[in-house]
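*Asks:* Structure below; questions to follow.
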Amino acid sequence: MVQVKGKVLGIDLGTTNSCVAVIELGEPKVITNSEGKRITPSVVGFSKKNELLVGELAKRQIVSNPENSVQSIKRYMGKPDYRVALNNEKYTPHGISSMILQKLKVDAEKYLGDAVGKAVITVPAYFNDSQRFATKKAGEMAGLDVLRVINEPTAAALAYGLRDGVQDQKILVYDLGGGTFDVSILKIKNGVFEVLATCGDTELGGDDFDRKIVDYLLSGFKEAEGIDLSENVEAMQRIKEAAERCKIDLSSLTTSNIDLPYISENKRLDMEISKEQFEAMTEDLVKKTISITEKALKDAGLSPQDIDEIILVGGSTRIPAVAKQVEDFMGKAPLQSINPDEVVAMGAAVQAGILGNEYLKSSGDQQIDGGNLVLLDVTSLSLGFETVGDTTAFIIPRNTTIPTRNSKVFTTHYDNQKIVRGKILQGEEQAASKNVALGTIILENIPPELKGVPRIEVTFDIDANGIINAIARDLATGNIRSVTIERPVGLND
Amino acid sequence: MDYYQLLDIPRVASPEDIEYRYHELAKKYHPDRSKSPDAHEKFIKFKEAYETLKNPQKKKVYDASLPPEEKAMEASSEPEDSEGISSDSEVPPPDSSISPAPDQPVSGFKGAFKSTGISYVSFKSDLDSQPAGPASLSEGTGESGKPDWSKHSSSEQSANSHDRSKEVSSSAGQNSADWSYVKVKYEGIDEDIDDDAGKKSGFLAVFTVMKAFRYTVVLICLFLVLTIVSPDLVGAEASGLGAVTEIFGKVVLLAKSLV
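Those protein sequences? They're chains U and Z, same order as listed.
Residue numbers -12 to 480, in my numbering, belong to the letters of the first sequence in order.
Residue numbers 31 to 289, in my numbering, belong to the letters of the second sequence in order.
Below you can see the structure in the form of structure tokens.
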């Protein structure tokens, strides 16, 4: 257990919006930012006078100053070579994220009237090791001690579980955010939140729904005026914003009008999109989420009828077609009683409370302290070792409860082989090269033997933080090679 | 230590019991909850045990691989005793007690007690019919126990069983001396069974009815006393009290005679 003094923030670092919560009097409370809002846009920019802008202010100047603004940076987290040019400097994705976290931290300190140094930060369940590492790094760069990086759908389940009581039930969390999609299935029993299965797509979210509208508008304008706007940065920014607004409108209206005067010189973009049109455009996206949901159920060994409660998380679940498709597939109306933009941050605050053994209040008379709850999360991606012929030997399958450990015995593949070398892989592909390489294990000084004789045991160990350790051991000589995953250089900047 | 010992649950634990126990341990030993530096190790072990036992197929395979159970803790805590029993009584397990692996004697001993119910009965009858016949005894018990044990003994062990039986007959003289000890042990184990039998017997049933009757009479007396005393409390007369004691005495006598 981590020794926790002072408040620990629960931070949902989202693709489009971020949110912060903290435990107050046993309940998670969302912190309002310095603009008085409960959510902060995940946008960073520099004003024309070279001032750093984060959140609402940065979002406001995107249209007028697009080349000095960054949004949806979460989509690039953990990519070691990706750099953003801002204000004549190059920034890493986690460097940008740390600016967002810094603002959230400062605002929280203002709200609480006290210094804050610790946080639990959420990530999509389907984030791989590098993406998680980059998120943790961003927190550290913002001056936060990141006690735990937890999965977003799991966090949402904690928030609902605490509010509705921790009795025996199985829940499915459908989390469609701005840029990522996750499904997690949990069993809550005896105060234990046990994740049974998780599945997702890190490149599927509300942005993709916007993109569909943008494409429709672009092709419509091209047809009418013969002008391609896709290269016009400023026009594109205006269209993107209009598309997002149109999507939001269509959650409550049957048609939405898009009117953008002077979009290209003196030309005007004036189009109408109906709800039916929008639903037809985005049908494939929704279907994709349903098939991922199906896969998660299969991994958990359950059918839709086994699920007691369905929870919708993420702003994109406000799209009526999404909620309806989920309801049709699951055969049950989903719950959305906690604001889907805030529930993840609230859950992160609950986990912070559990780590700090804080007093937590549940439904009705059920008063519990953090000591009566524990979250058993899983590793969402399989972990394997590269072997001959570009194949992956899986050692820890996905959906294994962490902390965990497992090993497999390997051998040499030619006579007198002295060195065994292989990559540590994360992913579900049989072909090693298609999975993400986390590092390399090299075991030397193997005594000369015929091929197939030496026995080399490779052990992977994942701790509660999701940190992976790998050990290779020559069972004959007892030689040990322990490898803590080395991060690509790009992530250490 | 097998998974059941690790989780501290009996082998007959239901899936719900196993899950509940795992949840308790998770709340105590998950690294989120425990300060101890070995929490990580401990939790991984509990989880491994739980993951095997929660899956009916894995559990079946695992259970089959286990040496027969019961009183395993006693056996390991009193190694000399276990040796004494196995070599003297010549219950089936002795085959294994000479196997090279140091753990084997213990598991062999467990084997003896696994078949408590059955082998106990056969034991007793052997004893009754042939009070001091160690040779025949070893034969008889060997037979009764063998089918059970053969499932669990490895090939090395069965190979050794021949030498063992020779040794048995050579040490036959010692056998009778230690019988009492063996019997005591078995009786301890069979306590539950005896209890069950007792409850069913007619004699005990009558005894229980008598007991119940006695309690009812005493309760009636108390009730009578109270009804007489309460009006006296209002009147506060000594003669009333005298009457009460008199009646009380009579009632007690009546009760005594009844019982």
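Backbone N, C-alpha and C define an ideal beta-carbon position, used for all residues, glycine too.
Note that the coordinates shown come from a computational prediction; the quantities given were computed from them, not determined experimentally.
Flag this pair as yes or no: are the beta carbons of U:Ala146 and U:Gly126 separated by less than 8 Å?
*Replies:* Translated into the one-based positions of the first sequence, residue 146 of chain U becomes position 159. Translated into the one-based positions of the first sequence, residue 126 of chain U becomes position 139. Not a contact, by the Cβ cut-off of 8 Å.
*Asks:* Contact criterion: CB-CB distance below 8 Å. Does U:Asn74 meet it with respect to chain Z?
*Replies:* Counting from 1 along the first sequence, the entry for residue 74 of chain U is found at position 87. It does not; no Cβ of chain Z falls within 8 Å.
*Asks:* Who are the neighbours of U:Thr388 on chain Z, taking C-beta pairs under 7 Å?
*Replies:* By one-based count along the first sequence, residue 388 of chain U stands at place 401. Lys77, listed in chain order.
*Asks:* Under a CB-based cut-off of 8 Å, is U:Ile158 close to chain Z?
*Replies:* The count along the first sequence starts at 1 and reaches residue 158 of chain U at position 171. No - not a single Cβ of chain Z is within 8 Å of the one on U:Ile158.
*Asks:* Look at the alpha carbon of U:Thr122 and the alpha carbon of U:Phe397, and state the distance between them as a whole number of angstroms.
*Replies:* Within the first sequence, residue 122 of chain U is the residue found at index 135, counting from 1. Within the first sequence, residue 397 of chain U is the residue found at index 410, counting from 1. Distance between the alpha carbons of U:Thr122 and U:Phe397 is about 34 Å.
*Asks:* Work out the CA separation of U:Ala459 and U:Asp448 for me, nearest whole Å.
*Replies:* Position 461 of the first sequence, counted from the first residue, corresponds to residue 448 of chain U. Position 472 of the first sequence, counted from the first residue, corresponds to residue 459 of chain U. Rounded to the nearest angstrom, the two C-alpha atoms are 12 Å apart.
*Asks:* Which partner residues does U:Tyr78 have in the DSSP bridge list?
*Replies:* Locating residue 78 of chain U in the first sequence gives position 91, counting from the first residue. DSSP lists U:Val71 as partners of U:Tyr78.
*Asks:* Find the residues of chain Z that neighbour U:Asp450, judging by a C-beta separation of less than 9 Å, and give them in chain order.
*Replies:* Mapped onto the first sequence, residue 450 of chain U falls at position 463. Pro61, His70, listed in chain order.
*Asks:* Starting from the N-terminal side, write out each stretch of the beta strand (DSSP E) that is 3 residues or longer and does not extend beyond the segment 369 to 427 of chain U.
*Replies:* 370 to 374, 378 to 383, 391 to 397, 407 to 413
*Asks:* By Cβ distance below 8 Å, which residues in the same chain neighbour U:Leu272 in space, the five residues on each side in sequence not counted?
*Replies:* For the purposes of this step, residue 272 of chain U is identified with residue 285 of the first sequence, where counting begins at 1. Leu191, Asp195, Phe196, Lys199.
*Asks:* Would a check of beta-carbon distances place Z:Ala56 closer than 8 Å to chain U?
*Replies:* Translated into positions along the second sequence, residue 56 of chain Z becomes position 26. So yes, Z:Ala56 belongs to the interface.
*Asks:* Which first and last residues belong to the alpha helix (DSSP H) in which U:Gly334 is found?
*Replies:* Stepping through the first sequence from its first residue, residue 334 of chain U is reached at position 347. U:Gly334 -> alpha helix (DSSP H) spans 330 to 342.
*Asks:* With 8 Å as the threshold, decide whether the Cβ of Z:Tyr50 is near any Cβ in chain U.
*Replies:* Residue 50 of chain Z sits at position 20 when you count from the first residue of the second sequence. It does; some Cβ of chain U falls within 8 Å.
*Asks:* For U:Arg392, return the contacting residues in chain Z, with the cut-off set at a CB-CB distance below 8 Å.
*Replies:* By one-based count along the first sequence, residue 392 of chain U stands at place 405. Those within 8 Å of U:Arg392 in chain Z are Ile74.
*Asks:* Taking 8 Å as the CB-CB cut-off, is U:Asn138 touching chain Z?
*Replies:* Taking the first sequence and counting its residues from 1, one reaches residue 138 of chain U at position 151. No, no contact with chain Z.
*Asks:* Just checking my contact of U:Gly207 with U:Met268 at CB under 8 Å: how many whole Å lie between their CB atoms?
*Replies:* Numbered from its first residue, the first sequence carries residue 207 of chain U at position 220. Numbered from its first residue, the first sequence carries residue 268 of chain U at position 281. Not really, about 12 Å apart at Cβ, beyond 8 Å.
*Asks:* Can you confirm whether U:Lys176, when its beta carbon is compared against all beta carbons of chain Z, has any partner nearer than 8 Å?
*Replies:* Looking up residue 176 of chain U in the first sequence gives position 189. Answer yes: the Cβ-Cβ gap between U:Lys176 and chain Z drops below 8 Å somewhere.
*Asks:* Measuring CB to CB, does U:Leu299 end up less than 8 Å from U:Ile172?
*Replies:* Residue mapping note: residue 299 of chain U aligns to position 312 of the first sequence, counting from 1. Residue mapping note: residue 172 of chain U aligns to position 185 of the first sequence, counting from 1. No. Outside cutoff.
*Asks:* Would you check if the distance between the CB atom of U:Val(-5) and the CB atom of U:Gly439 is smaller than 8 Å?
*Replies:* The sequence position of residue -5 of chain U within the first sequence is 8, counting from 1. The sequence position of residue 439 of chain U within the first sequence is 452, counting from 1. No. Outside cutoff.
*Asks:* Determine the direct distance from the alpha carbon of U:Lys410 to that of U:Arg442, and round the result to whole angstroms.
*Replies:* Position 455 of the first sequence, counted from the start, is the residue given in the question as residue 442 of chain U. Position 423 of the first sequence, counted from the start, is the residue given in the question as residue 410 of chain U. Distance between the alpha carbons of U:Arg442 and U:Lys410 is about 18 Å.
*Asks:* I need the DSSP call for U:Thr464, collapsed to helix, strand or coil.
*Replies:* Here the question's residue 464 of chain U lines up with position 477 in the first sequence. In the structure shown, U:Thr464 sits in coil (DSSP, three-state: anything other than H, G, I, E or B).
*Asks:* Give the secondary structure of Z:Lys75 by DSSP, where H, G and I count as helix, E and B as strand, and everything else as coil.
*Replies:* As a first step, residue 75 of chain Z must be located in the second sequence, where it is residue number 45. DSSP places Z:Lys75 in helix when its eight states are reduced to three.
*Asks:* Just to confirm, are U:Pro321 and U:Glu314 a CB contact at a threshold of 8 Å?
*Replies:* Position 334 of the first sequence holds residue 321 of chain U. Position 327 of the first sequence holds residue 314 of chain U. In this structure, U:Glu314 lies closer than 8 Å to U:Pro321 by Cβ.
*Asks:* List in chain order: all unbroken beta strand (DSSP E) runs of 3+ residues lying wholly within the segment 125 to 160 of chain U.
*Replies:* Qualifying beta strand (DSSP E) stretches, in chain order: 132 to 138.
*Asks:* Helix, strand or coil for U:Ala457 per DSSP?
*Replies:* Working through the first sequence from its first residue, we reach residue 457 of chain U at position 470. Residue state, collapsed to three classes: strand.
*Asks:* Are U:Ser251 and U:Ala222 touching if we call contact CB-CB under 8 Å?
*Replies:* For the purposes of this step, residue 251 of chain U is taken as residue 264 along the first sequence, with counting starting at 1. For the purposes of this step, residue 222 of chain U is taken as residue 235 along the first sequence, with counting starting at 1. Yes, these two residues count as a Cβ contact at 8 Å.
*Asks:* Starting from the C-beta of U:Asn422, find all residues in its chain whose C-beta is less than 8 Å away, skip the five residues before and the five after it, and write them out in chain order.
*Replies:* Taking the first sequence and counting its residues from 1, the one referred to as residue 422 of chain U is at position 435. Hits under 8 Å: Gly371, Thr379, Leu412, Gln413, Gly414, Glu415, Glu416.
*Asks:* Okay, do the segment 43 to 53 of chain U and the segment 95 to 102 of chain U touch, 3+ Cβ pairs below 8 Å being the bar?
*Replies:* no
*Asks:* If you draw a straight line from the alpha carbon of U:Tyr161 to that of Z:Lys88, how long is it in whole angstroms?
*Replies:* As a working note, residue 161 of chain U is residue 174 in the first sequence. As a working note, residue 88 of chain Z is residue 58 in the second sequence. When rounded, the distance between both Cα atoms is 31 Å.
*Asks:* When the Cα atoms are used, what is the spatial distance from U:Glu139 to U:Thr464?
*Replies:* For this step, residue 139 of chain U is matched to residue 152 along the first sequence. For this step, residue 464 of chain U is matched to residue 477 along the first sequence. Within the model, the alpha-carbon separation for U:Glu139 versus U:Thr464 is close to 44 Å.
*Asks:* Three-state secondary structure (DSSP) at U:Arg255?
*Replies:* Here the question's residue 255 of chain U lines up with position 268 in the first sequence. Three-state DSSP puts U:Arg255 in a strand.
*Asks:* Is U:Asn359 close to chain Z, meaning its C-beta is less than 8 Å from at least one C-beta of that chain?
*Replies:* Translated into the one-based positions of the first sequence, residue 359 of chain U becomes position 372. Yes, because at least one Cβ of chain Z sits closer than 8 Å to the Cβ of U:Asn359.
*Asks:* In angstroms with no decimal places, state the Cα-to-Cα distance between Z:Leu254 and Z:Ala242.
*Replies:* Your numbering for residue 254 of chain Z matches position 224 in the second sequence. Your numbering for residue 242 of chain Z matches position 212 in the second sequence. One alpha carbon belongs to Z:Leu254, the other to Z:Ala242, and they sit about 19 Å apart.
*Asks:* Which chain Z residues are close to U:Val179, counting only those with a beta carbon under 8 Å from its beta carbon?
*Replies:* As a position in the first sequence, residue 179 of chain U is number 192, starting the count at 1. Chain Z residues near U:Val179: His53, Ala56, Lys57.
*Asks:* Is there contact between the segment 22 to 38 of chain U and the segment 53 to 72 of chain U, where contact requires at least three CB pairs shorter than 8 Å?
*Replies:* yes
*Asks:* On a Cα-Cα basis, can you pick out the residue from U:Ala419, U:Ile406, U:Ala451 that is closest to U:Glu436?
*Replies:* Residue mapping note: residue 436 of chain U aligns to position 449 of the first sequence, counting from 1. Scanning U:Ala419, U:Ile406, U:Ala451 for the CA closest to the CA of U:Glu436 turns up U:Ile406.
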